[in-house]
Amino acid sequence: MRHVTMRSVLRSACCALVCLPWLAQAQNLLEVYAQARAADPVLALADAQRGVQRELAVQARAGLLPQWSLQASDSTTNNSSGLHSGEVTSKISQVLLDLGQFKRVQVANTLATAQDASLRAAEQALCARVATAYFGVLSAQAAVSTAQANEDAFAQQVDQAQKRYDAGLSAMLDVEQARTYHALARGTTAQAREVLQDTRAALAQITGSVPGTLHPLAAQLQASLPVPQDASAWVAQALQNHATLHAQQLQVEATEQGIGAARADHLPTLGLGLDSQRLSGSYPAGTDTGRVNTTLALRLNLPLFAGGSTQSKTRQAIHQRDAAAQTLESAKRGVVRETQAQYQAVVTGAALMDSSGAAVAAANRALAATRTGQTLGTRGMTDLLLAIQTQAAAQNALAQARHRYVLATLLLQQATGALDEAALARVNQLLQGNP
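Under the working numbering, the first residue of the sequence shown is numbered 1258, with each subsequent residue one higher.
Here you go:
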């Protein structure tokens, strides 16, 4: 017994020494989110794509603004006359009527607005990814802690069974049973540590840095059902406010405008032009040099035939509209399913917290009674080993239920378009060490 106690103390001391650097850098959910917002490449990509679309809108609008170009030429005729000539031409044009270009500007502006909505969706997705990774680490840590405690308890039973066998108070069967449970527990602990390492790597992938110690959930956590307690009400809210749906609705609107732009290529365009030309150099007799010729013109362009290109572009735009509409419908169905699933996850999480809490209390009482029964000779080694295993399973189930419930509340908010930093701040208050 003394040997086992010293081993447990040494293991705890080593763990404490390893964790000292992490303890000095303990992080809560908001701190991890701030790191992720500054370093996450997925969010940075969405922001860059928004910038690209905004510039495309500026370029589309530029086609409706005045255009000015300047051209200069210089030439020499290689013959007996040896004439030399040069000219400078200035051309200014302004679109007066071009329905196709107007429609293309509308398309670009609509797509820019859609990209704004996509960025909001990316920000909400970042909140969800950070929360998922954060509570994934906490769940893995809880699993490691439970597995290690279970392993230590079985190690203690191995030592006690060996001593009882050496004293002639029990059979070798008890020793082998304890060793079996201990060996299996060691494998469970190793697997739990592997999962923990992977979850920490998943969080580092988002933040760009290895996470330190994370603040766990406070011991006192009250679960409550979603309000309103009606999944259809949450679905209706999701269909109205989901940022990705809004972006895809704008995509459909942009493709509708694209059909109009394609059809407008059949229509006449009207523009105003101001051309200035100045001649210089040696010209044949009678040519005025140094004089500026200015022409103000109203130009009408009437497309007659383009080899079927205009009709093809119109059909292409219609197909793009249909594809965008189907993408939107698919996204709506996905949002409905996700919202219903997360609503049920919150309800189930609350129920699991209640049932697993009761299971832990019952397992603790059962283990205490089994230990007493073993001392009195009414319970065997198998009963005790099973009671220890049951207690560990109940404790792990409670820890997982707590994390699942909190995460489900956040994911339900994401499904309804309400997940933001303020929502993370409310969850952050549920962590130990946060007011």
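Note that the Cβ used here is the ideal one computed from N, Cα and C, for glycine as well.
Which residues DSSP lists as bridging residue i, in chain order
i        : result
Leu-1474 : Leu-1688
Asn-1653 : Paired residues: none, contrary to the question.
Ala-1554 : Gly-1530
Leu-1681 : Its beta-bridge partners do not exist; DSSP assigns none.
Glu-1380 : None, per the DSSP bridge assignment.
Glu-1344 : Ser-1330 and Leu-1536
Gln-1284 : Leu-1471
Gln-1419 : Answer by DSSP bridge pairing: none, since Gln-1419 is not bridged.
Own chain, CB closer than 6 Å to residue i, minus 5 neighbours either side, in chain order
i        : result
Ala-1656 : Ala-1399
Arg-1535 : Val-1345 and Val-1549
Val-1452 : Ala-1397
Leu-1327 : Ser-1347
Ala-1329 : Val-1345
Val-1401 : Ala-1449, Arg-1450 and Leu-1453
Gly-1565 : none
CA-to-CA distance, residue j to residue i, given in whole angstroms
i        : j        : result
Ala-1619 : Ser-1481 : 23 Å
Arg-1590 : Gln-1597 : 11 Å
Gln-1671 : Gln-1686 : 19 Å
Gln-1573 : Trp-1325 : 33 Å
Pro-1483 : Leu-1609 : 15 Å
Thr-1526 : Leu-1321 : 12 Å
Glu-1288 : Val-1509 : 38 Å
Gln-1646 : His-1439 : 10 Å
Gly-1357 : Ala-1314 : 15 Å
Ser-1613 : Ala-1607 : 10 Å
Thr-1403 : Ala-1615 : 17 Å
Ala-1625 : Thr-1632 : 11 Å
Gln-1486 : Gln-1505 : 29 Å
Ala-1490 : Gln-1372 : 28 Å
Val-1617 : Ala-1651 : 5 Å
Gly-1393 : Val-1492 : 26 Å
Ala-1461 : Arg-1594 : 30 Å
Thr-1627 : Ala-1410 : 14 Å
Arg-1659 : Glu-1312 : 46 Å
Ala-1644 : Ala-1476 : 24 Å
Residue-level contact to chain B via CB, residue i, 8 Å cutoff
i        : result
Leu-1668 : In summary, chain B is missing from the structure at hand, where a single protein chain is found.
Residue environment, residue i, which counts as buried when at least 16 other CB atoms sit within 10 Å
i        : result
Ala-1649 : buried
Ala-1281 : Annotation note: pLDDT 42 at Ala-1281 (below 50); position unreliable, coordinate value reported separately. So Ala-1281 counts as exposed.
Glu-1408 : buried
Asn-1558 : exposed
Thr-1639 : exposed
Leu-1354 : exposed
His-1503 : buried
Lys-1360 : buried
Asn-1653 : buried
Option in the options with minimal Cα separation from residue i
i        : options                                   : result
Ser-1533 : Arg-1318, Ser-1350 and Gln-1292           : Ser-1350
Gly-1308 : Leu-1668, Leu-1376, His-1439 and Leu-1681 : Leu-1376
Leu-1478 : Leu-1668, Ala-1283 and Tyr-1662           : Tyr-1662
Leu-1524 : Gln-1506, His-1499 and Leu-1561           : Leu-1561
Gln-1414 : Gly-1690, Leu-1641 and Leu-1668           : Leu-1641
Tyr-1600 : Asn-1653, Leu-1667 and Leu-1585           : Leu-1667
Ala-1230 : Gln-1310, Arg-1457, Asp-1579 and Tyr-1391 : The chain is shown only over 1258 to 1692; residue 1230 falls outside these bounds and no answer can be derived.
Val-1299 : Val-1387, Asn-1285, Asn-1366 and Ala-1625 : Val-1387
Arg-1578 : Leu-1507, Ala-1665 and Arg-1436           : Leu-1507
Arg-1443 : Ala-1412, Ala-1378 and Ser-1489           : Ala-1412
Arg-1556 : Ala-1580, Met-1429 and Gly-1530           : Gly-1530
Ala-1602 : Ala-1476, Gln-1284, Asn-1366 and Ala-1488 : Ala-1488
Leu-1368 : Ala-1511, Leu-1395 and Gln-1462           : Ala-1511
Leu-1395 : Arg-1594, Arg-1622 and Leu-1286           : Leu-1286
Ala-1303 : Ala-1365, Leu-1383 and Ala-1283           : Leu-1383
Neighbourhood of residue i by C-beta distance below 7 Å, restricted to the same chain and skipping five residues each side
i        : result
Asp-1331 : Gly-1343
Thr-1571 : Ile-1516, Ala-1519 and Arg-1520
Arg-1318 : Val-1362
Thr-1464 : Val-1289, Gln-1292, Ala-1293 and Ala-1296
Thr-1552 : Asp-1532
Other residues of its chain near residue i: CB distance less than 8 Å, five sequence neighbours each side excluded
i        : result
Trp-1279 : Because Trp-1279 carries a pLDDT of 40, less than 50, the predicted location of this residue cannot be relied on, and no value is offered for it.
Gln-1717 : An answer regarding residue 1717 cannot be provided, because it is not within the stretch 1258 to 1692 covered by the chain.
Pro-1323 : Ile-1349, Ser-1350 and Gln-1351
Asp-1611 : Ala-1480
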